[in-house]
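Notes follow the structure.
Protein chains: 4
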Amino acid sequence: MQNQNKRKKILDAATHVFAEKGFHQAKMDDIAQRAQVAKGTLYYNYSSKSKLFAATVTGGMDEIMASISHEMESELPFIEHFRLLVSCTIRLYLHHSQVTRIYSNELSIGIDSETLDEIKKARQRFIEFISDMLLTGQEKGYLKPLNPRLSALALVGIVDSLCNAHLNESNASSSDEIINTVFCILSEGLVNHSK
Amino acid sequence: MQNQNKRKKILDAATHVFAEKGFHQAKMDDIAQRAQVAKGTLYYNYSSKSKLFAATVTGGMDEIMASISHEMESELPFIEHFRLLVSCTIRLYLHHSQVTRIYSNELSIGIDSETLDEIKKARQRFIEFISDMLLTGQEKGYLKPLNPRLSALALVGIVDSLCNAHLNESNASSSDEIINTVFCILSEGLVNHSK
Amino acid sequence: MQNQNKRKKILDAATHVFAEKGFHQAKMDDIAQRAQVAKGTLYYNYSSKSKLFAATVTGGMDEIMASISHEMESELPFIEHFRLLVSCTIRLYLHHSQVTRIYSNELSIGIDSETLDEIKKARQRFIEFISDMLLTGQEKGYLKPLNPRLSALALVGIVDSLCNAHLNESNASSSDEIINTVFCILSEGLVNHSK
Amino acid sequence: MQNQNKRKKILDAATHVFAEKGFHQAKMDDIAQRAQVAKGTLYYNYSSKSKLFAATVTGGMDEIMASISHEMESELPFIEHFRLLVSCTIRLYLHHSQVTRIYSNELSIGIDSETLDEIKKARQRFIEFISDMLLTGQEKGYLKPLNPRLSALALVGIVDSLCNAHLNESNASSSDEIINTVFCILSEGLVNHSK
DNA sequence: CATGAATGAGAATTCATTCAT
DNA sequence: TATGAATGAATTCTCATTCAT
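Protein chains in written order, with numbering that gives the first Met the number 0: chain A, 0 to 194; chain B, 0 to 194; chain C, 0 to 194; chain D, 0 to 194.
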């Protein structure tokens with residue numbers, strides 16, 4: 000319990016520092032200091048920097064998926080349900096920006112391949128999670144029968160791109176405008192068919 | 000002349016190494032060796048690793064934009080023109096994967112802010128470049144009047160996400176399937192309105 | 000305790016190497032080797048080469064001043080007291096030649112200004128220390144009422160010049176001859192007033 | 000002639016840069032730029048950085064000695080003559096501070112021994128030059144029969160110490176006060192014999 | 001005579017990791 | 001379990017010197 004408490008403190012500190020500085024700029028010293036433990040304690044709990052990083056990403060993505068699942072439990076007409084998927088993905092993306100910033104920016108090599116795989120798997124799980132939701136929509140006939148994995152990648156790619164811009168730039172659009180735009184594009188596309 | 004030749008050799012080597020390893024893992028030694036020049040020559044031509052990196056990204060993005068512009072010169076019905084935009088963006092993204100891999104993965108901190116700005120500006124130029132094309136389509140009534148910058152970010156985000164998956168993963172979809180899916184989503188959305 | 004011991008070992012090694020080679024020629028590798036610690040340990044204890052240098056100079060000057068103070072505690076007729084000041088300054092200058100060689104030769108630029116200030120302050124403290132002694136002599140009427148700071152600078156300048164010559168050159172005068180000459184000049188001047 | 004002109008330009012630039020930055024911080028690039036010649040030209044005229052440095056110091060000291068000789072040619076009562084020696088040494092020290100700053104601060108090792116010898120010889124020539132003047136005064140009975148070389152070192156040490164303080168510090172004494180103090184100390188000493 | 005692009009040996013500094021306590 | 005002093009391999013950057021033109 001005391002044990003778990005300490006691991007939690009370390010993980011929180013690591014999440015913060017990795018998000019703020021990126022993997023290579025984050026120093027184990029920074030993390031130890033922020034977690035208020037000695038540097039040795041980091042290694043007592045996680046065998047290396049890479050492993051700690053992987054734990055950060057994996058844990059964070061799991062939390063996000065759990066939150067989305069929770070929010071999506073409500074019964075709604077499909078189109079509202081779909082809008083909810085878009086809106087809560089975006090909200091959680093922004094809310095967990097510390098994790099998603101890691102998720103989207105740190106694919107680079109420089110981590111041992113075993114650990115890199117772990118991170119890639121966390122990403123894939125997220126894509127599959129979205130993909131499953133889209134597949135359900137397709138099976139019920141609400142969505143076009145496009146490749147669901149590519150569709151999920153598209154959804155995540157749009158969300159990622161707009162959220163990153165929102166987080167990085169000062170002349171940012173509001174999160175509501177982002178939600179509306181993403182929903183509009185994903186549901187009806189860019190082309191004006193009335194013409 | 001000899002001079003420009005050597006700068007080109009360095010830039011090519013740098014592009015390759017940065018794309019393969021990412022900024023922090025790329026070593027100046029590697030780049031020098033690949034360019035077949037002495038390490039000092041790197042510094043004689045580019046004042047720091049960051050500056051060399053920025054030159055790599057900026058130059059690469061410029062090339063991509065020039066290629067897209069060139070391909071888009073043809074006269075076509077709008078919808079074909081739009082499909083062409085999608086298709087050539089994806090093709091160039093994949094073809095210049097060395098540059099785009101840098102583009103999408105290396106926003107992280109760890110570069111002096113002046114140089115980071117240079118890189119961000121190159122990205123913004125690319126977004127504006129796409130944004131301008133979409134705006135033209137809107138003005139002619141072919142595209143819905145959505146925020147053009149967000150639309151451009153969406154287009155780039157989708158392309159980025161699918162191309163990265165294509166490049167990183169073994170069970171990849173073909174590039175044609177990617178082009179079709181992206182075009183389909185962007186033009187008509189995911190929702191099946193016939194239902 | 001073990002800690003202080005190691006810092007002492009480093010400081011001793013640094014003093015020796017800086018004195019022998021000067022700041023710019025002294026290599027952190029040399030100092031580490033001489034102190035029998037790893038190079039990282041140097042940086043674990045002193046944040047930079049400059050800081051280590053400053054610690055060397057400051058510590059050395061403090062030791063010298065403490066020794067002079069100690070030797071000057073005895074009660075003597077003024078002129079003997081003054082001769083003692085000259086003689087022990089010179090003896091300590093020669094004995095701590097490792098430090099004083101640094102003191103006199105390394106004002107040059109190439110150290111961050113904060114650290115340079117630290118060193119300059121150590122020098123000023125030494126000048127003030129001598130200056131205070133001269134002032135006391137003036138107040139008691141034993142010394143002429145010349146600007147005490149300039150007088151102290153003169154004393155240190157003479158000692159520095161003669162000791163450096165003594166240390167650098169082979170055809171050196173004995174230290175006793177140096178003490179006599181300095182005392183003679185400082186007490187009565189060069190001019191033969193009997194003529 | 001054109002030739003000599005260029006060597007002069009290089010020497011002037013080198014003097015300035017060495018004085019401002021010290022030997023190790025002065026870069027051949029800086030000197031070349033200041034002299035408005037290519038770096039290769041430096042090496043065409045002086046075989047190495049050390050040699051250029053030595054030429055700078057040697058030339059500068061020669062100029063100073065020539066100036067002092069020139070000023071000392073006048074016929075005056077001895078004591079006035081001696082005061083003139085002090086005053087013109089100090090004035091030239093301050094005026095050629097670019098050279099004297101080098102003279103006094105750059106004994107450190109890090110120059111090949113052959114060139115270091117050249118510099119030491121220039122310093123010795125200056126000491127001998129002063130020493131000869133003092134010896135003449137002794138022979139005529141105007142000065143006490145102290146070791147003339149040590150006396151010269153004392154004179155130069157005092158001048159050096161006070162001039163350096165004057166040049167480095169803001170709360171500086173005026174050059175007149177320096178001249179008076181040095182003359183007073185050297186002619187009559189610090190001790191108040193009336194007591 | 002003059003140039004300046006190219007070189008590469010050399011140095012300071014960083015930081016993940018270890019291990020004695 | 002927890003600590004933090006110690007490590008040393010690894011990396012960026014500097015700059016005197018060379019030499020083809």
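Don't be surprised by glycine CBs; every beta carbon is placed ideally from N, CA and C.
Where residue i falls: helix, strand or coil (DSSP)
i: Val36 (chain D); result: coil
i: Leu142 (chain D); result: strand
i: Asp116 (chain A); result: helix
i: Tyr45 (chain D); result: coil
i: Asp61 (chain B); result: helix
Of the listed residues the options, nearest to residue i (C-alpha basis)
i: Leu51 (chain D); options: D:Ala65, D:Cys87, D:Ala153, D:Ala18; result: D:Ala18
i: Met64 (chain A); options: A:Tyr92, A:Tyr42, A:Ala164; result: A:Tyr92
i: Ser169 (chain C); options: D:Leu189, D:Asp116, D:Ser172; result: D:Asp116
i: Asn4 (chain B); options: B:Thr40, B:Asp29, B:Ser68; result: B:Thr40
i: Asn167 (chain A); options: B:Lys26, B:Ile78, B:Arg122; result: B:Arg122
i: Ile177 (chain D); options: D:His165, D:Ile67, D:His15; result: D:His165
i: Asn191 (chain B); options: A:Leu149, A:Lys143, A:Arg148, A:Asn163; result: A:Lys143
i: Ile89 (chain C); options: C:Glu138, C:Glu74, C:Asp175, C:Glu79; result: C:Asp175
i: Ala53 (chain A); options: A:Lys119, A:Ala12, A:Pro76; result: A:Lys119
i: Val56 (chain D); options: D:Ala12, D:Glu138, D:Ser73; result: D:Ala12
i: Ala25 (chain A); options: A:Ile101, A:Asn163, A:Asp131, A:Tyr141; result: A:Ile101
i: Gly140 (chain C); options: C:Phe77, C:Ile67, C:Ser172, C:Leu149; result: C:Phe77
i: Leu134 (chain C); options: D:Leu75, D:Leu189, D:Tyr43; result: D:Leu189
i: Phe182 (chain D); options: C:His69, C:Tyr43, C:Ser150; result: C:Ser150
i: Ala153 (chain D); options: C:Ile67, C:Asn163, C:Tyr43, C:Leu75; result: C:Asn163
i: Ser186 (chain C); options: C:Lys20, C:Gly136, C:Glu70, C:Leu75; result: C:Gly136
i: Ser68 (chain A); options: A:Tyr43, A:Ile129, A:Phe22; result: A:Ile129
i: Pro147 (chain B); options: A:Asn146, A:Lys20, A:Thr180; result: A:Thr180
i: Gly59 (chain A); options: A:Thr14, A:Glu79, A:Ile184, A:Glu138; result: A:Thr14
CB contact below 9 Å: residue i versus chain A
i: Ile78 (chain B); result: yes
i: Glu187 (chain B); result: yes
i: Arg148 (chain B); result: yes
i: His15 (chain B); result: no
i: His23 (chain B); result: yes
i: Thr57 (chain B); result: no
C-beta neighbour in chain D for residue i, strict 9 Å
i: Arg33 (chain C); result: no
i: Glu113 (chain C); result: no
i: Ser160 (chain C); result: yes
i: Tyr141 (chain C); result: yes
i: Ile118 (chain C); result: no
i: Ala153 (chain C); result: yes
i: Ser130 (chain C); result: no
Residue i beta carbon near the ligand MN (any heavy atom closer than 8 Å)
i: Thr99 (chain A); result: In the structure shown, the ligand MN is absent, as is every other ligand, since no ligand is present at all.
Chain B contact for residue i (CB, 9 Å cutoff)
i: Phe81 (chain A); result: yes
i: Ile177 (chain A); result: yes
i: Ser49 (chain A); result: no
i: Cys87 (chain A); result: no
i: Asn167 (chain A); result: yes
Any chain C beta carbon closer than 9 Å to residue i
i: Val190 (chain D); result: yes
i: Ile67 (chain D); result: no
i: Leu145 (chain D); result: yes
i: Leu93 (chain D); result: no
Taking 8 Å as the threshold, find out whether the stretch 2-18 of chain C comes into contact with the stretch 149-162 of chain A through three or more Cβ pairs. no
The stretch 109-120 of chain C in contact with the stretch 38-52 of chain C per 3-pair CB rule at 8 Å: yes
Just checking, does the stretch 33-40 of chain A make contact with the stretch 77-84 of chain A on the three C-beta pairs under 8 Å criterion? no
May I have a chain-ordered list of the alpha helix (DSSP H) segments no shorter than 4 residues that lie completely inside the stretch 68-101 of chain B? 77-94
Which full runs of the alpha helix (DSSP H) of 4+ residues lie inside the stretch 5-31 of chain D, going along the chain? none
Answer yes if the stretch 122-134 of chain C comes into contact with the stretch 55-64 of chain C, meaning at least three C-beta pairs across the two stretches below 8 Å, and no otherwise. yes
Answer yes if the stretch 92-101 of chain B comes into contact with the stretch 23-33 of chain B, meaning at least three C-beta pairs across the two stretches below 8 Å, and no otherwise. no
Entirely enclosed alpha helix (DSSP H) segments - the stretch 124-193 of chain B, minimum 4 residues: 147-167, 174-187
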